[in-house]
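Worksheet for the structure shown next.
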Amino acid sequence: MRCNQCNNEVGINDAFCGECGNDLRAQKASQTESHSTADNTVTYEPQNDSVIHNDQQEQPQVTQQQTTQQTHQVPPAQPIINKEQVNEQSKALVNEGKGFFRQAFRAHDEEVTSNHHFTLALSSILVLAGLIIVGILLALAIPDDIGYFGTSKSDIITKLLFSSFLLLAILFLATFLLSKFLINNGLTLAKVLSDFVLINVYSIIFIALGLLLYVVDSYKIASAMTIIGVFLLIFSGIYLISKYSAHIASKIPTYLIITIYAIITLIALIIFKDIAMELIKSIITSIVQSQLGEFSELFNGLFNN
1 MRCNQCNNEV GINDAFCGEC GNDLRAQKAS QTESHSTADN TVTYEPQNDS
51 VIHNDQQEQP QVTQQQTTQQ THQVPPAQPI INKEQVNEQS KALVNEGKGF
101 FRQAFRAHDE EVTSNHHFTL ALSSILVLAG LIIVGILLAL AIPDDIGYFG
151 TSKSDIITKL LFSSFLLLAI LFLATFLLSK FLINNGLTLA KVLSDFVLIN
201 VYSIIFIALG LLLYVVDSYK IASAMTIIGV FLLIFSGIYL ISKYSAHIAS
251 KIPTYLIITI YAIITLIALI IFKDIAMELI KSIITSIVQS QLGEFSELFN
301 GLFNN
């Protein structure tokens with residue numbers, strides 16, 4: 001150890017320098033502090049190295065774990081249809097349909113005057129089913145020979161179904177709007193549609209029976225049944241208007257409401273008259289021609305024999 005002023009060698013235990021008298025205690029304290037700092041630095045650096053080394057060792061493991069998790073990551077689950085819920089809804093719809101036909105044939109008056117109504121889904125399904133049934137019966141009733149007169153069978157069926165749907169829509173909208181705004185503002189679309197479909201079950205039955213009789217060549221009875229079905233369809237709106245106004249005072253006399261409905265119905269029939277008459281003439285002409293063909297074959301067979 002040397003003095004920091006005169007650079008003279010001194011002992012470790014000396015308090016003062018023998019040459020210059022410098023106080024060596026302050027020098028010792030300074031050297032001790034510097035040594036401790038150096039020792040701390042030396043011992044700390046390996047720790048940093050070990051920490052860095054450990055981090056470098058752990059980083060590949062974490063990366064490998066993340067890669068493994070990404071590799072085995074389950075794809076997002078697709079929306080699963082709850083079959084039990086679908087089955088329950090189907091059963092509920094079937095039960096509602098049973099109640100619908102029970103009310104239609106037993107207590108349709110009570111159903112119309114009550115606040116109860118069937119769902120829009122059931123009403124829409126029944127309307128669609130009715131059009132499908134009529135379309136199938138038309139396909140059976142209209143002869144295939146009608147194509148020789150310039151109009152295909154499929155075109156006639158399509159036009160008849162489309163015209164029938166438009167006529168139904170006009171009659172229903174007239175019934176709904178007149179009943180809601182002139183009789184009972186609390187009536188809903190679902191209620192009026194439910195009652196409209198309920199009442200017209202009879203209309204569809206008569207029309208379907210008429211078309212079936214056309215298939216078996218009973219034309220007079222078939223025409224009568226079909227006409228009755230069409231009239232029941234037209235008068236169903238008048239029936240509903242009368243029922244709705246029986247318990248609630250209408251804003252104008254019920255007679256005027258029915259008159260407005262009759263005018264709307266007449267306009268709708270005039271619009272569809274040309275289409276309907278053209279189609280009916282084509283069908284009748286085809287039926288007559290087919291009957292004449294059968295008679296001619298019969299007479300030819302008799303004379304040839």
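Position one of the sequence shown corresponds to residue 1 (the UniProt record's numbering), numbered consecutively onward.
Heads up, the beta-carbon is just placed ideally off N, CA and C, and yes, glycines get one too.
Since the structure is predicted, the reported quantities are computational estimates derived from the model, not experimental observations.
So what's residue i in DSSP terms, helix, strand or just coil?
i           : result
D217        : coil
D23         : strand
C17         : coil
K251        : coil
S114        : coil
L187        : coil
residue 354 : Within the shown structure, residues of the chain are numbered from 1 to 305, placing residue 354 beyond reach of any answer.
A107        : coil
T265        : helix
T37         : Its pLDDT being 46, under 50, T37 is placed unreliably in this model, and the value from its coordinates should be taken loosely. Three-state result, T37: helix.
T119        : coil
S152        : coil
I142        : coil
N95         : helix
N200        : coil
N82         : coil
Among the residues of its own chain, which have a CB less than 8 Å from the CB of residue i, if the five just before and after it don't count?
i    : result
D128 : One point to set straight first is that residue 128 is Leu, not Asp, in the sequence displayed. There are no such residues.
L161 : L131, V134, G135 and L138
I157 : G135, L138, A139 and I142
Residue i bridges to which residues according to DSSP?
i  : result
E9 : R2
If the criterion is Cβ atoms closer than 9 Å, does the pair residue i and residue j meet it?
i    : j    : result
I170 : A262 : no
S114 : V197 : no
V201 : F272 : no
L232 : S194 : no
V112 : I199 : yes
I264 : A174 : yes
I205 : G229 : yes
Between residue i and the rest of its own chain, which residues show a CB-CB distance below 6 Å, the 5 nearest in sequence each way excluded?
i    : result
A190 : H117 and L120
I257 : L178, L182 and I241
I221 : L213
S152 : none
E9   : R2
T226 : I207 and G210
Can you find the residues in the same chain that come closer than 7 Å, C-beta to C-beta, to residue i, ignoring five residues on each side of it along the sequence?
i    : result
S179 : L187, V192, L240, I241 and Y244
Q103 : E111 and L198
So is the beta-carbon of residue i under 8 Å away from any non-hydrogen atom of the ligand NAD?
i   : result
E84 : As far as ligands go, the structure on display features none, and thus does not contain the ligand NAD.
Beta-carbon of residue i versus every beta-carbon of chain C: anything under 9 Å?
i    : result
K220 : Of the protein chains in this structure there is only one, and it is not chain C.
Could you tell me whether the segment 173-185 touches the segment 248-262, using the rule of 3 or more Cβ pairs below 8 Å? yes
Three or more C-beta pairs closer than 8 Å, one from the segment 129-140 and one from the segment 220-240: is that the case here? no
Any 3 or more C-beta pairs closer than 8 Å across the segment 160-167 and the segment 83-97: no
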